[in-house]
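Trainee:
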Amino acid sequence: MHSRLGAALAVLLLLSACAGNKNENNGTPSPTPEETTKTPSETGVTGTSFKNWGSYGYTLDNNRHVPFTEISADNVKDLGVIWSAELKKLDADVKNGNQSYPVVIDGVIYLTTSGNQVFALDAVTGKTIWHWKPEAEQAASFSKAGIIANRGVAVGEGKVFMLAVDNSLISLDQKTGALVKMVKLGDSIDGVTLENGYYETTAPQYYKGNVYIGSSGSDNGVRGFVAAYKASDLTPAWDAPFWTVPPKGQDWLANSKFQGGGTVWNPVAIDEQTDLMYFATGNPAPDFYGANRPGANPNTDSVVAVNAMTGKLVWAKQEVSHDLWDYDAAASPMIINASVKGQKKKLVVQGGKSGLWFAWDAASGDVVWDGIPFAKIDKKDPTPEGTVSYPGVLGGENYAPESYDPATNYVLIPGIESPTLYKSAKTEAEAATPDFPGAAAFGTGMEEVPNVKAFGTVTAINVDTGKQAYQIKTTDAQRGGLTSTDSGLAFFGELDGKINALDIKAGKVIWTFQTSGDNVQAAPSIFTVDDKEYIVFTTGGSKPKVHVFGLGGDKTQGPAGAAETGGGHSAK
């Protein structure tokens with residue numbers, strides 16, 4: 016059983032899916048994306064006016080839609096590479112794979128690598144402005160997590176914030192890259208260590224003097240949480256973290272030897288008008304064995320709203336009750352202002368690994384659209400002998416983010432069509448996996464289904480009607496996500512290293528470019544310098560790269576990349 020489990024977990028990890036400063040909380044935040052900002056020439060950055068990609072999802076709404084129109088359906092054929100860089104040539108210690116979602120502020124691209132290095136690059140030329148990497152001793156500990164991916168940074172108060180695999184929160188000087196402060200989350204949140212199964216691959220978010228974080232490790236049986244830290248000194252900003260599941264031995268965990276799951280492994284969304292913060296949570300643990308965690312297992316596989324200033328619960332909605340299939344609500348929620356049944360409403364929307372898409376009233380949590388399918392749904396309870404279910408452990412929608420196009424009122428969902436053969440444990444003791452990190456409570460095995468070729472989808476949901484407007488098929492699973500523009504285009508990458516432009520209204524790919532990168536596992540960021548529009552993608556594989564595109568760039572295309580999903584994941 017354990018040998019089969021070990022092989023299955025190795026497959027999953029390869030396929031799945033993280034010194035003082037005087038500034039105070041009233042320090043000047045980074046410019047909002049809509050603003051045009053000017054940077055003094057002494058900074059040395061190319062350009063004088065900038066429209067920024069300010070955080071993981073463009074704005075804190077996470078809707079990944081920019082109001083730019085220079086690149087359009089008429090001229091997208093003229094896109095080419097302005098510059099690209101192989102990250103291992105910038106530093107030989109950069110690890111394989113890349114899932115970084117770049118942040119672009121005032122002409123500087125801030126991006127991370129697998130293994131938690133940070134680069135600040137001139138957005139127009141690619142010149143390295145600064146580079147930070149962890150000490151060798153710290154970096155050596157990352158392998159304990161079995162994953163070394165990182166999805167990006169937050170910027171605010173003149174600092175760049177990153178979460179490292181070993182549950183460190185790091186603050187760097189935005190201009191120089193010098194280390195300002197590093198703290199271990201376990202110093203303020205009991206038990207948050209690699210040894211206990213926690214790890215970090217996500218990007219933090221900055222808002223009103225605080226840095227907001229979640230954590231990964233549901234599959235290891237940890238207890239999920241979100242927390243807030245003061246940007247000024249990285250001390251806790253809330254009285255306590257918001258825990259998504261009860262303590263071990265209480266409530267629905269009363270008879271379980273495991274902690275419960277419900278981790279928050281992608282960035283939160285924050286409504287700047289109401290101070291409400293929304294986040295999506297992972298599966299309960301053990302994954303495929305539910306006998307000793309009876310009931311719905313609330314706040315797992317859910318979207319939760321709390322007050323960003325206090326961490327107090329406002330509402331929570333569950334997508335999958337008593338999950339036995341690893342159907343995390345993995346991707347970040349989006350906040351959108353959309354037409355619904357003919358009326359304008361503010362919504363929170365999210366698509367899960369369950370293959371279902373949801374929309375709720377942002378203030379009340381009232382259901383607007385309840386579980387709209389965007390993937391094949393054929394779900395069976397796991398048995399010791401094995402059952403095949405759609406979606407499989409990859410989703411549905413994995414960590415790859417959606418985007419929202421207000422002109423069509425479409426939400427665009429990156430999807431995966433891939434089943435899994437699930438094999439449940441017979442007992443809780445059999446569900447334990449002590450040979451894996453932390454509490455490791457996977458629930459026994461899963462296997463690929465023979466003779467089934469996985470593929471990807473992009474689905475457009477009309478928010479007004481809750482119905483599918485169209486769905487396109489992609490060769491490989493959608494692992495990166497989408498970014499859309501006011502010119503009616505959405506850009507996304509594929510696992511063979513191609514990038515595409517989708518005509519959102521028509522539902523057709525109208526431009527494809529083969530990058531020189533192995534694969535794309537993150538959505539692009541779009542920004543302007545001196546009113547010229549640029550698109551930045553990262554690619555992974557054995558030669559992780561960053562590529563910046565613009566009109567008039569080099570149209571020379573690279574060799575076909577490697578269609579694989581491993582990226583920065585390093586199964587042990």
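For the sequence shown, the numbering used here gives the first residue as 16, with consecutive numbering after it.
All residues carry an ideal CB built from backbone N, CA and C; glycine is no exception.
None of these values were measured; they are calculated from a predicted model.
(1) Could you tell me the distance, in whole angstroms, from the CA atom of Val109 to the CA atom of Val91?
(2) Counting beta carbon pairs with one atom in the region 434-445 and one in the region 344-357, are three or more of them shorter than 8 Å?
(3) Which word fits Asp546, buried or exposed, when buried means at least 16 other C-beta atoms lie within 10 angstroms of its C-beta?
(4) Would DSSP call Gln114 helix, strand or coil?
(5) When you compare the region 84-103 with the region 370-377, are there three or more beta-carbon pairs, one atom per stretch, that lie closer than 8 Å?
(6) With a cut-off of 8 Å, do at least 3 Cβ pairs link the region 257-269 to the region 207-225?
(7) Please classify Ile514 as buried or exposed, where buried requires at least 16 neighbouring CB atoms within 10 angstroms.
(8) Classify Leu328 as buried or exposed, calling it buried when 16 or more other Cβ atoms lie within 10 Å of its own Cβ.
(9) Buried or exposed, going by whether 16 or more other CB atoms sit within 10 Å of the CB of Ala353?
(10) Could you check what DSSP says for Lys570 in three-state terms: helix, strand or coil?
(11) Hey, how far is the Cα of Thr217 from the Cα of Pro416?
(12) Cα-Cα, which of Ile519, Ser433, Ala323, Asp137 is closest to Asp254?
(13) Shorter than 7 Å, the distance from the beta carbon of Asp420 to the closest heavy atom of the ligand SAM, or not?
(14) Find out if the Cβ-Cβ distance for the pair Phe176, Val226 is shorter than 8 Å.
(15) How far does the beta strand (DSSP E) with Leu291 in it reach, from first residue to last?
(16) Is Ser557 buried or exposed, if buried means 16 or more other CB atoms sit within 10 Å of its CB?
(17) List the whole-angstrom C-beta distance separating Thr278 from Val237, where the pair is believed to meet the contact cut-off of C-beta under 8 Å.
(18) Between the alpha carbons of Pro388 and Ser404, how many angstroms are there, rounded?
(19) Mark Ile519 as exposed unless 16 or more other C-beta atoms lie within 10 angstroms of its C-beta, in which case mark it buried.
(20) On the three-state DSSP scale, how would you describe Tyr221?
(21) Going by the DSSP bridge assignment, what does Ile487 pair with across the sheet?
(22) For the alpha helix (DSSP H) that contains Ala505, what are its first and last residues?
(23) Give a yes or no on whether 8 Å exceeds the smallest Cβ distance from Gly503 to chain D.
(24) Using the three-state DSSP reduction, which class does Ala22 fall into: helix, strand or coil?
(25) Taking 8 Å as the cut-off, decide whether the C-beta atoms of Ile428 and Val81 are in contact.
(26) When DSSP builds the beta bridges, which residues end up paired with Thr480?
(27) Could you tell me which of Ala475, His337, Val321 sits nearest to Phe303, measuring between CA atoms?
(28) How about Ser115 and Asn182: do their beta carbons lie closer than 8 Å?
(29) Which residue comes first and which comes last in the alpha helix (DSSP H) that contains Leu102?
(30) The alpha helix (DSSP H) with Glu443 in it runs from where to where?
(31) Tell me whether Leu268 sits in a helix, a strand or coil according to DSSP, three-state version.
(32) How is the alpha helix (DSSP H) around Glu150 delimited, first residue to last?
(33) State the CB to CB distance for the pair Thr489 and Gln483, rounded to an integer number of angstroms; the pair is presumed to be in contact (CB under 8 Å).
(34) Is it a yes or a no for the region 419-437 touching the region 461-476, going by three-plus beta-carbon pairs under 8 Å?
(35) Report buried or exposed for Ile204, applying the criterion of at least 16 other Cβ atoms within 10 angstroms of its Cβ.
(36) Would you mind working out which of Phe257, Ala505, Gly167, Gly122 sits nearest Gln132, comparing C-alpha positions?
Mentor: Judging by the given coordinates:
(1) 32 Å
(2) no
(3) exposed
(4) coil
(5) no
(6) no
(7) buried
(8) exposed
(9) buried
(10) coil
(11) 13 Å
(12) Ala323
(13) With respect to the ligand SAM, the structure offers nothing, as it holds no ligand at all.
(14) yes
(15) 291-295
(16) exposed
(17) 6 Å
(18) 15 Å
(19) buried
(20) strand
(21) Val473
(22) Not the alpha helix (DSSP H): Ala505 falls in the beta strand (DSSP E), residues 504-508.
(23) This model lacks chain D altogether, as it is built from one protein chain only.
(24) Confidence in Ala22 is poor, its pLDDT being 35 and thus under 50, which makes the residue's placement too unreliable to answer from.
(25) no
(26) For Thr480, which the question treats as bridged, DSSP gives no partner whatsoever.
(27) His337
(28) no
(29) 102-105
(30) 443-446
(31) helix
(32) Taken as a continuous stretch (DSSP letters only), Glu150 belongs to no alpha helix (DSSP H), as it is neither H nor E.
(33) With 8 Å as the limit, Thr489 and Gln483 do not qualify as a contact, their Cβ atoms being about 16 Å apart.
(34) yes
(35) buried
(36) Gly167
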